[in-house]
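Chains as they are written, first to last, in my numbering: chain A, 73 to 244; chain B, 126 to 521. A virtual CB, placed ideally from N, CA and C, is assigned to each residue, including glycine.
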């Protein structure tokens, strides 16, 4: 990573700490911002956050590993989380999963080679009355069928582009 | 995206602001007494009397106190809080403000699950509007000396954070691992300060009770379970969605209303709840019989109950925080057992051992997650032995 990129990253983190308060309870909101913008939380970020909040980096690492929406591994611009809980299962989530894998050419837990899509499972998304449900980043889709999977992916490619996280070189 | 018509619910008929106005005319202890008279118990499922919780927090001396709204709705099959927050968030914020007055708190926090991030903007807008109209902020509704504001904090995808002490840990920037209790949050909560943590629906009912009176609420339901409750109904029924029923309704009555009469079993209370077979559909949904946060999943005649148990155990194995051994190891062993049953090579003796393990987990786990995670397994084994034993696996 270039020095200027590091500085920019540090600047962003400082601004978020400013916004959420410079104490331990700001840790998760700050990490969520990092995750949203950079799609993962690198060791460098953990070090910087720990430094600014005056806690040990291991504490930050422990938090990152605990929550399923935070992670160290770079993910795609669009993270697709398909609900695997019983109500969605009864409404046919397995077929939707299969079609997602087919259309993206990856398995669950993987990211496409172009860095655009990551496929993950989610536990109950709270859409049990209109499953199968999936989240694309923060947007929810309900009553998904194998047939509509393609439309959802196309919609990502077209309309979401501008809102997608801007990946820096190191992260891409 | 909406399948539920909320216009006929009690929440739709209660004018917000009136609850807060009537609460602010009362002394804090009068508000708590009104809630006590109504018999309101926690709508998250545990059924702890709301007024008792509030009294503890009110009696604890502290310079700062907190009102926390648990919007970490993660129980499989539950989505009523999403509907309440979408259509009736004012009642929730108002209930929190009333709670602030009742216990002497000036700060409220909504802990919203990360999966519901798309609701955040709507809720922030509502809060801003309440600040503008004097329903939040300094001297709420012109009551000098009563300041109250609400902040939204996001979860990050951890079911266990719905447990109140894990939720507080998460708010403090820690891993969401449950604490030992006591001390309870009402004494030592967020930042070591007295804190009440209540469910989204509980706060909305508080507002309704202040508007319509405690007698109205107390008269509905059974002797120990008062009032109305929202149910999230999904699965094999004609009308899934959110429904409002009085507590004490039997499963049979409920199934009739949602068009699921031919069900072979109903899961009451989500993955952490119990699987009730058709022979017990006369049982009542109430704190004294089948307690639930509102999750009702209907299983039709063709459903494979072992498959259901497997789905739940995969969920718990994934969501166990790993802090205590009975839950971390127990859930993995139960899931393994289900896979053995699936393959048709589990002896009756081993199945009994697994059931004993489940009972140990209920007793020895640290928090509600581990204590309730074997429920589904145990009730499915109890009622559907005939279906799950001696399987012949599909040809490889």
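Quick one: give me the first and last residue of the beta strand (DSSP E) that residue 237 of chain B is part of. As a working mapping, residue 237 of chain B is identified with position 112 in the second chain. From DSSP, the beta strand (DSSP E) with residue 237 of chain B extends over 232-237.
Exposure label - residue 186 of chain B; buried when at least 16 CB within 10 Å: Within the second chain, the letter at position 61 stands for residue 186 of chain B. It is exposed - the Cβ of residue 186 of chain B has fewer than 16 other Cβ atoms within 10 Å.
If we count the other Cβ atoms within 10 Å of its Cβ and call it buried at 16 or more, is residue 110 of chain A buried or exposed? Residue mapping note: residue 110 of chain A aligns to position 38 of the first chain, counting from 1. Classification for residue 110 of chain A: buried.
Please report the distance separating the alpha-carbon of residue 514 of chain B from that of residue 502 of chain B. Mapped onto the second chain, residue 514 of chain B falls at position 389. Mapped onto the second chain, residue 502 of chain B falls at position 377. So the alpha carbons of these two residues sit roughly 14 angstroms apart.
Compute the Euclidean distance between the alpha carbons of residue 512 of chain B and residue 465 of chain B, then round it to the nearest angstrom. Counting from 1 along the second chain, the entry for residue 512 of chain B is found at position 387. Counting from 1 along the second chain, the entry for residue 465 of chain B is found at position 340. Residue 512 of chain B and residue 465 of chain B: Cα-Cα distance of roughly 14 angstroms.
Assuming residue 310 of chain B and residue 289 of chain B are in contact, meaning their beta carbons sit under 8 angstroms apart, how far apart are those beta carbons, in whole angstroms? To locate residue 310 of chain B, count along the second chain from 1; it is residue 185. To locate residue 289 of chain B, count along the second chain from 1; it is residue 164. Confirmed, about 6 angstroms.
Below 8 angstroms on the Cβ atoms is my contact criterion, and I expect residue 158 of chain A with residue 433 of chain B to pass it. Report the Cβ-Cβ distance as a whole number of Å. In the first chain, counting from the first residue as 1, residue 158 of chain A sits at position 86. In the second chain, counting from the first residue as 1, residue 433 of chain B sits at position 308. Their Cβ separation, rounded to whole angstroms, is 6 angstroms, which keeps residue 158 of chain A and residue 433 of chain B in contact under 8 angstroms.
Environment of residue 123 of chain A [buried if 16+ CB atoms lie within 10 Å]: Here residue 123 of chain A is taken as the residue at index 51 of the first chain, counted from 1. Exposed: under 16 other Cβ atoms inside 10 Å.
Pick from B/482, B/272 and B/287 that is closest to residue 221 of chain B, judged by C-alpha positions: Position 96 of the second chain, counting from 1, holds the residue named residue 221 of chain B. The shortest C-alpha separation from residue 221 of chain B is found at B/272.
Identify the residues that DSSP records as bridge partners of residue 193 of chain B: which are they? Within the second chain, numbered from 1, the residue matching residue 193 of chain B stands at position 68. The bridge partners DSSP lists for residue 193 of chain B are B/234 and B/322.
Among B/412, B/157 and B/363, which one has its Cα closest to the Cα of residue 374 of chain B? Position 249 of the second chain holds residue 374 of chain B. In this structure, B/412 is the residue among B/412, B/157 and B/363 with its C-alpha nearest to the C-alpha of residue 374 of chain B.
Determine, for residue 211 of chain A, whether the minimum Cβ-Cβ distance to residues of chain B falls below 9 angstroms. Taking the first residue of the first chain as 1, we reach residue 211 of chain A at position 139. Yes, residue 211 of chain A counts as interfacial toward chain B.
Classification of residue 470 of chain B by the beta-carbon crowding that lies within 10 angstroms, buried from 16 upward: Stepping through the second chain from its first residue, residue 470 of chain B is reached at position 345. Looking at its Cβ environment, which holds fewer than 16 other Cβ atoms inside 10 Å, residue 470 of chain B is exposed.
Closest to residue 167 of chain A by CA distance: which of A/77, A/218 and A/114 is it? By one-based count along the first chain, residue 167 of chain A stands at place 95. Answer by Cα proximity: A/218.
I'd like the span of the alpha helix (DSSP H) that includes residue 256 of chain B, first residue to last. Here the question's residue 256 of chain B lines up with position 131 in the second chain. Run containing residue 256 of chain B: 245-257, per the alpha helix (DSSP H) assignment.
I'd like the list of long-range same chain contacts for residue 430 of chain B, defined as Cβ closer than 6 angstroms, with 5 residues on each side in sequence excluded. On the second chain, position 305 is the one that residue 430 of chain B refers to. Cβ within range, chain order: 505, 509 and 512.
Count the C-beta pairs between the segment 236-247 of chain B and the segment 273-288 of chain B that are closer than 8 angstroms, then say yes if the count reaches three, no if not. Flag = yes, the segment 236-247 of chain B and the segment 273-288 of chain B touch.
Count the other CB atoms, across all protein chains shown, that sit within 10 Å of the CB of residue 108 of chain A; report buried if there are 16 or more and exposed otherwise. Your numbering for residue 108 of chain A matches position 36 in the first chain. Exposed.
Please classify residue 155 of chain A: does DSSP put it in a helix, a strand, or coil? Looking up residue 155 of chain A in the first chain gives position 83. Strand at residue 155 of chain A.
The segment 186-200 of chain A: which residues have C-beta closer than 9 angstroms to a C-beta of chain B, in chain order? Answer in chain order: 193, 194, 195, 196, 197, 198, 199 and 200.
Kindly say whether residue 126 of chain B, judged by its beta-carbon, lies nearer than 9 angstroms to any beta-carbon of chain A. Counting from one through the second chain, the residue named residue 126 of chain B turns up at place 1. Because the pLDDT at residue 126 of chain B is just 46, under 50, the model does not fix this residue reliably, and the value given afterwards should be weighed accordingly. Yes - at least one Cβ of chain A is within 9 angstroms of the one on residue 126 of chain B.
Kindly indicate which three-state DSSP category residue 359 of chain B falls into: helix, strand or coil? As a first step, residue 359 of chain B must be located in the second chain, where it is residue number 234. Note: residue 359 of chain B maps to strand in three-state DSSP.
Going by other Cβ atoms of all chains shown within 10 Å of its Cβ, with 16 needed for buried, is residue 133 of chain B buried or exposed? Along the second chain, read from residue 1 onward, the residue named residue 133 of chain B stands at position 8. Label assigned to residue 133 of chain B: exposed.
In three-state terms, what does DSSP make of residue 160 of chain A? In the first chain, counting from the first residue as 1, residue 160 of chain A sits at position 88. Helix, per DSSP.
Under a three-way DSSP split, which group does residue 242 of chain A fall into? Numbered from its first residue, the first chain carries residue 242 of chain A at position 170. Any reading at residue 242 of chain A must be qualified, since the residue scores a pLDDT of 45, below 50, and its modelled position is unreliable; the value itself is stated next. Reduced to three states, the DSSP call for residue 242 of chain A is coil.
Keeping to the same chain, check which residues put their C-beta closer than 6 angstroms to that of residue 200 of chain B; ignore five residues upstream and five downstream. For the purposes of this step, residue 200 of chain B is taken as residue 75 along the second chain, with counting starting at 1. In the same chain as residue 200 of chain B, and ignoring 5 residues on each side of it, the C-beta atoms closer than 6 angstroms to its own belong to 395, 418 and 420, in chain order.
If you measure beta-carbon to beta-carbon, which residues of the segment 192-217 of chain B are closer than 8 angstroms to chain A? Listed by position, the residues of the segment 192-217 of chain B near chain A (Cβ gap below 8 angstroms) are 198, 199, 200, 201, 202, 203, 204, 206 and 207.
List the residues of chain A that residue 235 of chain B touches, going by C-beta distances under 9 angstroms, in chain order. As a working mapping, residue 235 of chain B is identified with position 110 in the second chain. Chain A residues near residue 235 of chain B: none, gap ~13 angstroms exceeds 9 angstroms.
Looking at chain B, which residues of the segment 151-183 of chain A have a Cβ within less than 7 angstroms of any of its Cβ atoms? Against chain B - using a Cβ distance shorter than 7 angstroms - the residues of the segment 151-183 of chain A are 157, 158, 159, 161 and 162.
Should residue 128 of chain A go down as buried or exposed, given a rule of 16 or more other Cβ atoms within 10 Å for buried? For the purposes of this step, residue 128 of chain A is taken as residue 56 along the first chain, with counting starting at 1. Counting C-beta atoms within 10 angstroms of its own C-beta, residue 128 of chain A has fewer than 16 neighbours from the protein chains shown and is therefore classed as exposed.
What does the alpha-carbon distance come out to for the pair residue 240 of chain A and residue 318 of chain B? Mapped onto the first chain, residue 240 of chain A falls at position 168. Mapped onto the second chain, residue 318 of chain B falls at position 193. Summary for residue 240 of chain A: the model assigns pLDDT 45, below 50, so the residue's position carries little reliability; its value from the coordinates is reported in the next sentence. About 42 angstroms.
Given that residue 297 of chain B touches chain A, what residues does it touch there, using C-beta distances under 7 angstroms? For the purposes of this step, residue 297 of chain B is taken as residue 172 along the second chain, with counting starting at 1. Residues of chain A passing the Cβ test: 96 and 97.
Going by DSSP, which residues form a beta bridge with residue 194 of chain A? Numbered from its first residue, the first chain carries residue 194 of chain A at position 122. Residue pairing by DSSP puts residue 194 of chain A in a beta bridge opposite A/155.
So which residues of chain A does residue 500 of chain B contact, with C-beta pairs closer than 7 angstroms? If you number the second chain from 1, residue 500 of chain B lands on position 375. Near residue 500 of chain B there are no residues of chain A at all, since even the closest Cβ is about 14 angstroms away, more than 7 angstroms.
When the cut-off is 9 angstroms and only beta carbons count, does residue 278 of chain B lie next to chain A? Stepping through the second chain from its first residue, residue 278 of chain B is reached at position 153. It does: the Cβ of residue 278 of chain B has a partner Cβ on chain A nearer than 9 angstroms.
Taking residue 135 of chain A as the query, report the chain B residues whose CB atoms sit under 8 angstroms from its CB, ordered along the chain. To locate residue 135 of chain A, count along the first chain from 1; it is residue 63. Among the residues of chain B, those whose CB is under 8 angstroms from the CB of residue 135 of chain A are 298, 299 and 300, following chain order.
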